[in-house]
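Notes follow the structure.
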Amino acid sequence: MVTEPAYEFETQDILLNVGPQHPSTHGVFRMVLSVDGEVVRDLVPHIGYLHRGAEKLCETMDYRQGIGFMDRTEYLAAFNAELSYVMAVEALTDIEVPERAQWIRMILCELNRLSSHFMFMGAFGIDVGVFATPFIYAWIGREALIDLFEEVSGDRMMFAYFRPGGLAWDVPRNFKQRVNEALVVAEQGIKDFDTMLTENEIFVARTTGVGKISAAEAIDWGMSGPSIRASGVPLDVRRDEPYLMYDQVEWDVIVGENGDVYDRYYCRLLEMRESVKIIRQCLEKMPDTGPIMPEKMPRMLRTAPGEVYVRTEAPRGEYGVYLVSKGGNRPHRLKVRSACLANLQALRDMSVGQYVADAIVVLGSIDIVLSEVDR
Amino acid sequence: MAVTPQTELNPRDREGAVVATTDAPEAPPTAPEVPTTTPDLPEIPVILPGEHPLEAPLLTPVPHTPGKALYKQILPGVMQVPLDLVLAASRKSSLWPMTFGLACCAIEMIGTYMAHYDLDRFGIVPWPSPRQSDVMIVAGTVTKKMAPAVKLLYEQMPNPKWVISMGACATNGGPYTRYDRVLQGVDKIIPVDVYVPGCPPRPEALIDSFLALQEKIMEERKSTGR
Amino acid sequence: MTNESTDQTETAPEDDLSSTIWPQVDRALAGITARGEAGRIDLIVHVPRDEVIDALRRLKTDETLSFDYLRSLTAVDNEDEGMDVVYHLYSTTTRHNVTVKATLPNEDLSLDTATPVWKGANWLERETAEMFGIRFHGHPDPRNLLMPEDMTDVFPLRKSHPLAEIEILQGEGMGYPEEGA
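Protein chains in written order, with the numbering used here: chain Z, 3 to 377; chain F, -17 to 208; chain P, 190 to 370.
Structure follows, in structure tokens:
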């Protein structure tokens, strides 16, 4: 007969600090885990280590100067970040963007989504424990895309290529051919990741059923992008409120079922295929010649008083720009709605009750960019 | 075996020693004078080496020319360099930078490590811990909230250590320099060896900064305390 | 109170809000002195600050609208005219958008929290609070989010908070000649 064990340990939760400098926190993110053995009992995220006042600085700058700050808020998908800002300025100034410029914008945004998801694949692979190999594979596709961006815009990361009204300059003459070449590399990269990770037994065991979040919770937290679509919510700004030319191409919104880490990974992988599909259609439908800026553009952009909230679908979710103008040539208030901030809020709900090692995987699966979180 | 009395060989007996040296003929030092004056001992025939009929031709003194020391000779396949040069050359050839991404520049830093630009061919291998690292690449904006952590990481690195300030933000605050939560350059808190311009710098610029750092390590090899 | 609201809504259709979702919003907000305004993309609803949380909860639970998704929450500093707290709502089922605005006077920058309505309002309110100095009553975790936690008297996004002059910050150590030298 066993009544009570002869010995009794009083277990104590241990505080475990991760960050702000830690290889697996994707930047300067800090979280304090309260662990009981290997199980996470509580998680307190600390952010703000990269708060550098992009919103405040934009208020003191001309509308065109603000583009550069938008690039730097979302440095993995700078085209998508520029797009929201530029569209907000266009909405306030009633500028019509020529059709060809819209097609080019759409191609570049989708290419940027590919390169951003490549980065996710590499970093997430490392988080799961596949050391360095996925990163090197990811960079094959990413460098091909970055080279293309550089040919188009002149910079590898901070493009500042979209301007209110259209584009800074026309694309190179062999643009279509170059995009096709980059797509071949990117498709091979997608295939590589599909064979390397998707059915990898260890990878599946590490990710399935980890970090679940239900659809209702995800909506309540305001999550967006692949992180919420993995939970089964078909929320995609491209489909719900089409901007650019997204209503003229055919593609599918990828929706997951379980809302776990594996679904978040797999949604992104399938989304890359959809992006390739969109770009191929864009290349067919894009006119070869045509203006890229309206005929008459004012030398100094002045907006009418008013406010506008423009949202687009960036790789990490909804990237919104809330622009308030009181007239003049600079915004009165600029607010960047960050998808990462909202996704990161749900990290605690997703991680509590998991193992410590899985908390890192959960953090990797929501694919944060710290400068978008802190701005 | 002959036993020499203590009194005679006692080195403290100065008189005897003086007598012994003065009585000794000025022979080559290879032929020591055996103390034959001791009366109690049986006579031992002493044949000096030079007097032996067989050994005499062998012992003709040869003029001694001091040869080159081994360390001054140039042997085939051996290079002679000062030790500090060896140390500096080994330091510069295996720089281990700490993987320390702060902001946008971190992405270009990762890109430089990858196969396309391949920093490994310079012996530069990223290492995630400050305790084993030589170089700290400050890649990105240092905010005032982050500054204590950056300084702590620098202090955790063992000597000798170097710092590369990558990008405009780490150098002087860059585009964000007017915002008061941003540190106006990482050199306000830690010493910086190489500044890399650019926002963000291209991978080639980062590689160039490593080459410049290697040059600097070779130049400052004699300085101490680093 | 109801009469006042209907009076105001009758004056509002200068912008012709009948094509927007304003009639449904007005019905959902019956009893609250809301005023509609046509925005560039979305409908803007002005609500007095004491009734904001009530209005938000009604907008969320209303069956035809069901604004269940909080896109963004921020504030705008209008200097002498007080501060606006702005909520951007979205409905994942009906795909409607609405912007809810509440104006706070400069003398009393405080508001009830929206965290009981949406969990996601938590960090957005913390950020708004530290950046503008607006207090959210009943917030479960009223610490600073982006700024250091002990720094509660600096509000960077207020218009009264200046940016530093480049010369002042960068002149030091740049080899500028001393004054009078």
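Positions of the beta carbon are idealized from the N, C-alpha and C atoms, including for glycine.
Looking at Gly122/F and Leu84/F, is the spacing between their C-beta atoms short of 8 Å? If you check the CB distance, Leu84/F and Gly122/F come in under 8 Å.
Secondary structure, beta strand (DSSP E): runs of 3+ residues fully inside the region 130 to 169 of chain F: For the region 130 to 169 of chain F, whole beta strand (DSSP E) runs of length 3 or above, ordered along the chain, are 144 to 148.
Taking all protein chains shown into account, decide if Val107/F is buried (16 or more other Cβ within 10 angstroms of its Cβ) or exposed. Val107/F comes out exposed.
For the region 84 to 96 of chain Z against the region 313 to 332 of chain Z, are there 3 or more C-beta pairs whose distance is under 8 Å? Yes, the region 84 to 96 of chain Z touches the region 313 to 332 of chain Z.
Per-residue contacts from Met71/Z into chain F (C-beta, under 9 Å): For the sequence presented, residue 71/Z should be read as Phe rather than Met. Taking a Cβ-Cβ cut-off of 9 Å, the neighbours of Phe71/Z in chain F comprise Pro157, Tyr158, given in sequence order.
Using 10 angstroms around the beta-carbon of Met302/Z, count the other beta-carbons present and answer buried if the total reaches 16, otherwise exposed. With fewer than 16 other beta carbons inside 10 angstroms of its own, Met302/Z counts as exposed.
Taking DSSP as the reference, what is the three-state secondary structure of Val234/P? Look at Val234/P here: in three-state DSSP terms it is strand.
From the DSSP output, in three-state form, read off Leu36/F for me. Coil at Leu36/F, not helix or strand.
Can you tell me whether Ile204/Z is buried or exposed? The criterion is at least 16 other CB atoms within 10 Å of its CB, across all chains shown. Classification of Ile204/Z: exposed, given that the 10 Å Cβ count is below 16.
Which two residues bound the contiguous alpha helix (DSSP H) that contains Asp44/Z? It is not in any alpha helix (DSSP H) - Asp44/Z instead sits in the beta strand (DSSP E) that spans 41 to 48.
Which first and last residues belong to the alpha helix (DSSP H) in which Val181/Z is found? The continuous alpha helix (DSSP H) containing Val181/Z extends over residues 177 to 195.
Relative to the alpha-carbon of Arg241/Z, which residue among Leu45/Z, Gln250/Z, Ala79/Z has its alpha-carbon at the smallest distance? Among Leu45/Z, Gln250/Z, Ala79/Z, the Cα nearest to that of Arg241/Z belongs to Gln250/Z.
Continuous beta strand (DSSP E) assignments of at least 3 residues falling wholly in the region 300 to 377 of chain Z: The region 300 to 377 of chain Z contains, as complete beta strand (DSSP E) runs of 3+ residues, the segments 308 to 316, 319 to 327, 335 to 339 (chain order).
Can you list, in chain order, the residues of its chain with a C-beta nearer than 7 Å to that of Asp64/Z? Leave out the 5 residues immediately preceding and following it. Contacts found: Asn331, Arg332.
Own chain partners of Lys287/Z with C-beta closer than 8 Å, once the 5 adjacent residues on each side are dropped: For Lys287/Z, where only same-chain residues beyond five positions count, the Cβ hits under 8 Å are Trp105, Met247, Gln250, Val251.
Can you have a look at Leu272/Z and say buried or exposed, based on whether 16 or more other CB atoms are within 10 angstroms of its CB? By the 10 Å Cβ count, Leu272/Z comes out buried.
Please list the partners that Lys127/F has in chain P, where partner means a Cβ-to-Cβ separation under 7 Å. Pro337, listed in chain order.
Can you find a CB in chain Z that lies within less than 8 Å of the CB of Ala291/P? No, Ala291/P lies away from the interface with chain Z (no Cβ there is under 8 Å from its Cβ).
In the DSSP output, what is Thr125/F paired with across the bridge? Partner(s): Val164/F.
Test item: CB-CB of Tyr136/F and Met118/F under 8 Å: Yes, the Cβ-Cβ distance between Tyr136/F and Met118/F is below 8 Å.
Chain F partners of Met160/Z, CB-CB under 8 Å? Going along chain F in sequence order, the residues near Met160/Z (Cβ under 8 Å) are Cys86, Cys181, Pro182.
So is Ile16/Z buried or exposed if we call it buried at 16+ other beta carbons inside 10 Å? Per the 10 Å Cβ criterion, exposed.
Thinking C-alpha only, which one of Arg377/Z, Val187/Z, Val358/Z, Met295/Z is nearest Arg208/Z? Ranked by Cα distance from Arg208/Z, the options Arg377/Z, Val187/Z, Val358/Z, Met295/Z are led by Val358/Z.
Going straight from the alpha carbon of Pro296/Z to that of Leu101/F, what length do you get? Computed Cα separation, rounded: 45 Å.
Just verifying my parser: in three-state terms, what is the DSSP assignment at Met420/Z? As displayed, chain Z neither begins before 3 nor continues past 377, which places residue 420/Z out of reach and without an answer.
By Cβ distance below 7 Å, which residues in the same chain neighbour Leu353/Z in space, the five residues on each side in sequence not counted? For the record, residue 353/Z in the displayed sequence is Ser; it is not Leu. A distance below 7 Å between beta-carbons, with the five flanking residues on each side excluded, links Ser353/Z to the following residues of its chain, in chain order: Val42, Leu45, Gly213, Ala361, Val364.
Using a Cβ-Cβ cut-off of 8 Å, state whether Pro345/P counts as contacting chain Z. Under the Cβ criterion of 8 Å, Pro345/P is counted among the residues facing chain Z.
Within this structure, are the beta carbons of Val274/P and Leu300/P separated by less than 8 Å? Going by C-beta atoms, Val274/P is nearer than 8 Å to Leu300/P.
Can you tell me whether DSSP reads Leu101/F as helix, strand or coil? Taken through DSSP and simplified to helix, strand or coil, Leu101/F comes out as helix.
On the three-state DSSP scale, how would you describe Phe71/Z? Phe71/Z falls in the helix class under three-state DSSP.
Determine the direct distance from the alpha carbon of Val44/F to that of Pro228/F, and round the result to whole angstroms. For chain F, the structure presents residues -17 to 208; residue 228/F sits outside this window and is missing.
If you run the structure through DSSP and keep just helix, strand and coil, what is Phe325/P? Looking at Phe325/P - three-state DSSP - the assignment turns out to be strand.
Quick one, which residues of the region 123 to 148 of chain F are near chain Z if we go by CB-CB under 7 Å, in chain order? Closer than 7 Å at the C-beta level to chain Z, one finds these residues of the region 123 to 148 of chain F: Thr123, Thr125, Lys127, Met128, Ala131, Leu135.
Please list, in chain order, the chain Z residues whose beta carbon lies closer than 7 Å to that of Gly83/F. Correct list: Gly29.
For His277/P, three-class secondary structure by DSSP: Residue state for His277/P is assigned as strand, using DSSP reduced to three classes.
Consider the Cβ of Arg339/Z: report whether some Cβ of chain F lies at a distance smaller than 8 Å. No, Arg339/Z lies away from the interface with chain F (no Cβ there is under 8 Å from its Cβ).
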